[in-house]
Amino acid sequence: MAAFPAYAQEAQDAETIDDNVIIVTASKRETTLQETPISVSVTTGETLENAQIRDVLDLQSVTPSLRVSQLQTSSASTFIIRGFGNGDNNFGIEPSVGVFIDGVFRSRSAAALSDLPNVQRIEVLNGPQSTLFGKNASAGVISVITREPQFEFGGAVEAVYGNYNNVVVKGDITGPLTENIAFSIDGSYNRRDGYAKIVNLDEEQNNRNRWSARGQLLIEPTPDLKIRAIADYSRINEICCQVTTVVAGPTAGAIQLLGGQFSTDRFSYDAYLNQVPINKVDNYGGSIQVDYDAGPLSFTSISSYRELKNLFVSDIDYTSLDIANETRDQKVKTLTQEIRVTSDFDGPINFLLGGYYFDESISQISQIDNGTQIRDFFELLAGGNPADIIAGNPSVFNGVEAALGLPQESIFLTPLLTAEQFSMDNTSYSIFGTVDFEPVDGLVFTGGFNYTDDKKDFALAQQSFDPLGQINLVDAFITLATAGTVTTRDQFQALPAANQAALLAAAQSAANPLIGLAGFQFQPPFLTIPNAVEDGKTRDDKFTYLLRASYRVSDEINIYGSYATGFKASSVNLSRDSRPSSADFVAGPGGSTFAAPSSPILDAGLALPNLRSGSRFAGPENATVYEVGIKGQWEGFGFNLALFDQTIKGFQSLSFTGTGFALQNAGQQSVKGFEFDSSIRPTEGLVFTFAMTYLDPLFDSFTGSVLGDLTGATPGGIPEFAISTSATYSHEFGASGNILVTRIDYSHESNTPINNGLPTYNAALGNTQIFNREVNLVNGSMTLKLENGLEVGGFVRNLLNDQFLTTVFDGVAQSGTVSGYPSAPRTYGGVVRFKF
Numbered sequence: 001m002a003a004f005p006a007y008a009q010e011a012q013d014a015e016t017i018d019d020n021v022i023i024v025t026a027s028k029r030e031t032t033l034q035e036t037p038i039s040v041s042v043t044t045g046e047t048l049e050n051a052q053i054r055d056v057l058d059l060q061s062v063t064p065s066l067r068v069s070q071l072q073t074s075s076a077s078t079f080i081i082r083g084f085g086n087g088d089n090n091f092g093i094e095p096s097v098g099v100f101i102d103g104v105f106r107s108r109s110a111a112a113l114s115d116l117p118n119v120q121r122i123e124v125l126n127g128p129q130s131t132l133f134g135k136n137a138s139a140g141v142i143s144v145i146t147r148e149p150q151f152e153f154g155g156a157v158e159a160v161y162g163n164y165n166n167v168v169v170k171g172d173i174t175g176p177l178t179e180n181i182a183f184s185i186d187g188s189y190n191r192r193d194g195y196a197k198i199v200n201l202d203e204e205q206n207n208r209n210r211w212s213a214r215g216q217l218l219i220e221p222t223p224d225l226k227i228r229a230i231a232d233y234s235r236i237n238e239i240c241c242q243v244t245t246v247v248a249g250p251t252a253g254a255i256q257l258l259g260g261q262f263s264t265d266r267f268s269y270d271a272y273l274n275q276v277p278i279n280k281v282d283n284y285g286g287s288i289q290v291d292y293d294a295g296p297l298s299f300t301s302i303s304s305y306r307e308l309k310n311l312f313v314s315d316i317d318y319t320s321l322d323i324a325n326e327t328r329d330q331k332v333k334t335l336t337q338e339i340r341v342t343s344d345f346d347g348p349i350n351f352l353l354g355g356y357y358f359d360e361s362i363s364q365i366s367q368i369d370n371g372t373q374i375r376d377f378f379e380l381l382a383g384g385n386p387a388d389i390i391a392g393n394p395s396v397f398n399g400v401e402a403a404l405g406l407p408q409e410s411i412f413l414t415p416l417l418t419a420e421q422f423s424m425d426n427t428s429y430s431i432f433g434t435v436d437f438e439p440v441d442g443l444v445f446t447g448g449f450n451y452t453d454d455k456k457d458f459a460l461a462q463q464s465f466d467p468l469g470q471i472n473l474v475d476a477f478i479t480l481a482t483a484g485t486v487t488t489r490d491q492f493q494a495l496p497a498a499n500q501a502a503l504l505a506a507a508q509s510a511a512n513p514l515i516g517l518a519g520f521q522f523q524p525p526f527l528t529i530p531n532a533v534e535d536g537k538t539r540d541d542k543f544t545y546l547l548r549a550s551y552r553v554s555d556e557i558n559i560y561g562s563y564a565t566g567f568k569a570s571s572v573n574l575s576r577d578s579r580p581s582s583a584d585f586v587a588g589p590g591g592s593t594f595a596a597p598s599s600p601i602l603d604a605g606l607a608l609p610n611l612r613s614g615s616r617f618a619g620p621e622n623a624t625v626y627e628v629g630i631k632g633q634w635e636g637f638g639f640n641l642a643l644f645d646q647t648i649k650g651f652q653s654l655s656f657t658g659t660g661f662a663l664q665n666a667g668q669q670s671v672k673g674f675e676f677d678s679s680i681r682p683t684e685g686l687v688f689t690f691a692m693t694y695l696d697p698l699f700d701s702f703t704g705s706v707l708g709d710l711t712g713a714t715p716g717g718i719p720e721f722a723i724s725t726s727a728t729y730s731h732e733f734g735a736s737g738n739i740l741v742t743r744i745d746y747s748h749e750s751n752t753p754i755n756n757g758l759p760t761y762n763a764a765l766g767n768t769q770i771f772n773r774e775v776n777l778v779n780g781s782m783t784l785k786l787e788n789g790l791e792v793g794g795f796v797r798n799l800l801n802d803q804f805l806t807t808v809f810d811g812v813a814q815s816g817t818v819s820g821y822p823s824a825p826r827t828y829g830g831v832v833r834f835k836f
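Under this note's numbering, the first residue of the sequence shown is numbered 1, with each subsequent residue one higher.
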């Protein structure tokens, strides 16, 4: 075969060797995939190129244990491994699945979504990984490893054009600056028209508009010392995300009566909004990694600093009616330092010992704007006369304002419904390590540990502007019914018990003409934290450990068994739905403050009208997993099989309730299953891969969910079977060095309920309808790789145009309405690439 250019040969080698004979660093040491006693899936840079995978959102098509969902905005994504994942829409929640890029933890999913140029491989480690990564990940890790600068000049440039006018340009160049210093520069630009359309605004949606740039220096002053410095910047400026109306509830008539429109065809990709969404993400930072080899000991230091800025503006009612819009402006600053020492002794004992420090600050300024038609919309729902409302005549709310002594034309006519200011400082440190003992050749016993100490200090404040939300309707009725003689809790508590009971019963019945307005009190007054009762602090520490035995049965077969524990510290509900715990405050019947029992917040004089208990934060997650596995590798065939039983106590569940998010701990969630992947090379140039994950999840205990007691139920959204399979054929044209690579892959998720129900649609209406999702994606590519480094090809993703709903949620302030996110349509294009 003729020689490829040096840079091109590296990628070609990954295709010509057996996929399982690959070096990974999942155990923080360089080992082959077969030797690594961890359930880990590896995707090479060559596979990423052939499959046209540009970011981690598409990685799930080749990794069945991983699910990635993008929801409300370009930055709201959740990574899920073995059915566990969270943190997509609340910056106070660290994800249970940790994402590391070149050893640096990306604490929020928005910081891990840029396109991935120059990737060497991506490792997905399943299950808790506390003994290898200083920053705990209770469900798993996605580790992205990019190519280092090279001391031989080379590079690549790539251009893609696809449907929806998709233009992608990528390039990188590397080479020596001096005998001991090498550099590399890479970047990407990705632009695409939207595949959805905001019809009434004549604007496209779900477009692509992002770019990234990165520079690296590799300094090797001596053979034993290596310094790698990386600086990067990426930007996303997109219009996202398409929402369709799955079920039009009783409020749909009011929207249409006022001239509003909404999408009714799930997969027409037509939307109707009153404002074009804004999604802007700026993500930048740098890291310095120092590796020093001192013979039997190797030392590694990774220092990093990153900043993330996330801004989005969204029409949260998803109709063309001007009801309400939300704005969030979020900033995250993260400083990390990791130090590791690894041994390479000739004797039976080797070890890894590390320390990790994490310092992060988060700030958020957000608000909900009242739309120009919000009052008319809610007037109709309150029973107002449509003719009067359309004509602008006084109606229901004018009468309410008169009865409650509020200024006329004040309810839902303030510019803002709410304004919020949130902040959190998080510092943590951990000490971690493993010890390997090999008493006889091939038999290794491993013990590992991690001790983490985590501190969070948070402050939340909110201003609620709507006057109706400031009034407790039960207490207001009591004041009216007593002719104004009872205006305080003390006065109510002084009444005879029988009188109290009678007043409360009447206040919660049809006798109270105000009680029907409770559904319009969306954002009541907010109790600022910290306060005299709540200190706005969480303090967690935990010791976790690993016990494992592995044995090389033969040169072809390795087996292992392990028991591991994992931990993730408390997460904070950085949202307007943050509420005191029931230990600090309990409201009275109907939310009454007059009838509320004694509590620390009440006794301190901090109680506000309509204050309810909920959660300020969710406590830690504690994971345990039993796992046994076998890995085999023969000429032309290899496989990996892992059987596991994994449990997370206190899983941090974030649920959308129709007007906000509830953060709470599930008592215990578990999953049993297996992961299997294999590759077979029946003949030269032909490679088949097959991977399958089977999951049997269960809520062992979840008594306080927003849907009631889910104990014993099967968690929704977790497919029983997930399959990824591919066929790749590389045809070499004689001895020319020219190769035609053809690839087809298929990913499948079995039919499964999207969730366990919706808090409003299912629970409030008594509706048992559950929406399901099944995924069948077929992707294909063909690339002609010429001996001179030129590559020309074509690709298609979602060849059969499979359509499904990724998730569903309660319509915002639209009881009985169900909204959902449709899957992306078929995309295709051509690519030209040159490697030199």
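Virtual Cβ for every residue (Gly too), placed ideally from N, Cα, C.
**OP:** Determine the DSSP secondary structure at Val-199, reduced to helix, strand or coil.
**Re:** Reduced to three states, the DSSP call for Val-199 is helix.
Subject >> Nonlocal neighbours in the same chain, by C-beta distance under 6 Å from Ala-532, ignoring five residues either side >> reply: Same-chain partners within the cutoff: Ala-604.
Subject >> Rounded C-alpha distance that separates Lys-170 from Arg-214 >> reply: So the alpha carbons of these two residues sit roughly 12 Å apart.
Subject >> CB contact flag (Ser-582, Ser-613, <7 Å) >> reply: Contact: yes.
Subject >> Distance, Asn-200 Cα to Asn-472 Cα >> reply: The alpha-carbon of Asn-472 is positioned some 39 Å away from that of Asn-200.
Original post:
Among Gly-789, Asp-540, Thr-827, which has the Cα closest to the Cα of Lys-835?
Top reply: It is Gly-789 whose Cα lies nearest to the Cα of Lys-835.
Original post:
DSSP state of Gln-652, grouped into three classes?
Top reply: In the structure shown, Gln-652 sits in a strand (DSSP, three-state: E or B).
**OP:** Please state if the CB of Ala-666 and the CB of Ser-653 are separated by a distance shorter than 7 Å.
**Re:** With contacts defined by Cβ atoms closer than 7 Å, Ser-653 and Ala-666 form a contacting pair.
**OP:** State the DSSP-derived secondary structure class of Asn-370, mapped to helix, strand or coil.
**Re:** Of the three classes helix, strand and coil, the one that applies to Asn-370 here is strand, per DSSP.
Subject >> DSSP beta-bridge partners of Lys-785 >> reply: For Lys-785, which the question treats as bridged, DSSP gives the partners Ile-739, Glu-791.
**OP:** For my contact list, Tyr-828 and Gly-162 are in at a C-beta cut-off of 8 Å; report their separation, rounded to the angstrom.
**Re:** 6 Å between Cβ atoms; contact.
Original post:
Between the Cα of Gly-433 and the Cα atoms of Gln-34, Tyr-545, Ser-678, Val-474, which residue gives the shortest distance?
Top reply: Gly-433 has its Cα closest to that of Tyr-545, out of Gln-34, Tyr-545, Ser-678, Val-474.
Original post:
By the 10 Å Cβ neighbour count, where 16 or more other Cβ atoms means buried, how is Tyr-821 classified, buried or exposed?
Top reply: When all chains shown are included, Tyr-821 counts as buried.
**OP:** Just list the alpha helix (DSSP H) runs in the region 37–98, keeping only unbroken ones of 4 residues or longer that don't cross its boundaries, in chain order.
**Re:** When DSSP assignments are scanned along the region 37–98, the uninterrupted stretches of alpha helix (DSSP H) that are 4 or more residues long and fall wholly within it turn out to be 45–50.
Subject >> Collapsed DSSP secondary structure at Tyr-761 in the structure displayed >> reply: In the structure shown, Tyr-761 sits in a helix (DSSP, three-state: H, G or I).
Original post:
Are the CB atoms of Ala-623 and Pro-128 nearer to each other than 7 Å?
Top reply: Taking 7 Å as the Cβ cut-off, Ala-623 and Pro-128 qualify as a contacting pair.
**OP:** Just tell me which of Asn-512, Val-313, Val-141 has its CA closest to the CA of Ile-365.
**Re:** Measuring from the Cα of Ile-365, the nearest candidate turns out to be Val-313.
Original post:
In three-state DSSP terms, what is Gln-491?
Top reply: Looking at Gln-491 - three-state DSSP - the assignment turns out to be helix.
Original post:
Can you tell me where the alpha helix (DSSP H) with Thr-479 in it begins and where it stops?
Top reply: From DSSP, the alpha helix (DSSP H) with Thr-479 extends over 473–481.
Original post:
If you compare alpha carbons, which of Tyr-318, Pro-277, Gly-85 is closest to Asn-126?
Top reply: Among Tyr-318, Pro-277, Gly-85, the Cα nearest to that of Asn-126 is on Gly-85.
Original post:
Can you tell me whether Phe-567 is buried or exposed, with buried defined as 16 or more other CB within 10 angstroms of its CB?
Top reply: Buried, by the Cβ-count rule.
Original post:
Looking at Val-62 and Thr-43, is the spacing between their C-beta atoms short of 7 Å?
Top reply: Here Thr-43 is near Val-62, since their CB atoms are less than 7 Å apart.
Original post:
Closest to Ala-51 by CA distance: which of Ala-813, Gly-794, Gly-187 is it?
Top reply: The candidate whose alpha carbon is nearest that of Ala-51 is Gly-794.
Original post:
Using CA coordinates, which residue listed in Phe-79, Ala-607, Gln-491 is at the minimum distance from Pro-64?
Top reply: Comparing Cα-Cα distances from Pro-64 to each of Phe-79, Ala-607, Gln-491, the minimum goes to Phe-79.
Subject >> Straight-line Cα distance separating Phe-465 from Gly-629 >> reply: For the pair Gly-629 and Phe-465, the Cα-to-Cα distance works out to about 58 Å.
Original post:
So, using beta-carbon positions, are Thr-783 and Val-812 closer together than 7 Å?
Top reply: Against a cut-off of 7 Å, the Cβ pair of Val-812 and Thr-783 comes out as no contact.
**OP:** Determine contact between the region 91–101 and the region 506–517, defined as no fewer than three beta-carbon pairs at a distance below 8 Å.
**Re:** Too few Cβ pairs lie closer than 8 Å, so no.
Original post:
Just reading off the beta strand (DSSP E) that Ala-459 is part of, what are its end residues?
Top reply: Ala-459: member of the beta strand (DSSP E) spanning 443–464, first to last residue.
Original post:
How many whole angstroms separate the CB atoms of Arg-743 and Glu-791, which I take to be in contact at a CB cut-off of 8 Å?
Top reply: Not a contact, Cβ separation roughly 13 Å.
Original post:
Three-state secondary structure (DSSP) at Leu-810?
Top reply: Looking at the sequence provided, one finds Asp at residue 810 rather than Leu. Strand.
**OP:** Starting from Gln-337, follow its DSSP beta bridges and name the residues at the other end.
**Re:** Under the DSSP definition of a beta bridge, Gln-337 partners with Ser-303, Tyr-357.
Original post:
Could you give the distance in angstroms between the alpha-carbon of Asn-840 and the alpha-carbon of Asn-385?
Top reply: Beyond the ends of the chain as shown, which are 1 and 836, falls residue 840; an answer cannot be given.
Subject >> N- and C-terminal bounds of the alpha helix (DSSP H) containing Asp-388 >> reply: Per DSSP, the unbroken alpha helix (DSSP H) holding Asp-388 starts and ends at 386–391.
**OP:** Would you identify the three-state DSSP class for Glu-15, choosing helix, strand or coil?
**Re:** Per-residue confidence for Glu-15 stands at a pLDDT of 37, beneath the threshold of 50, marking its modelled position as unreliable; no derived number is given.
**OP:** Give the straight-line distance between the Cα atoms of Tyr-563 and Asp-535, rounded to the nearest whole angstrom.
**Re:** So the alpha carbons of these two residues sit roughly 37 Å apart.
Subject >> Whole-number beta carbon distance between Leu-273 and Asp-315, since they are thought to touch under 8 Å >> reply: That pair is a contact at about 4 Å.
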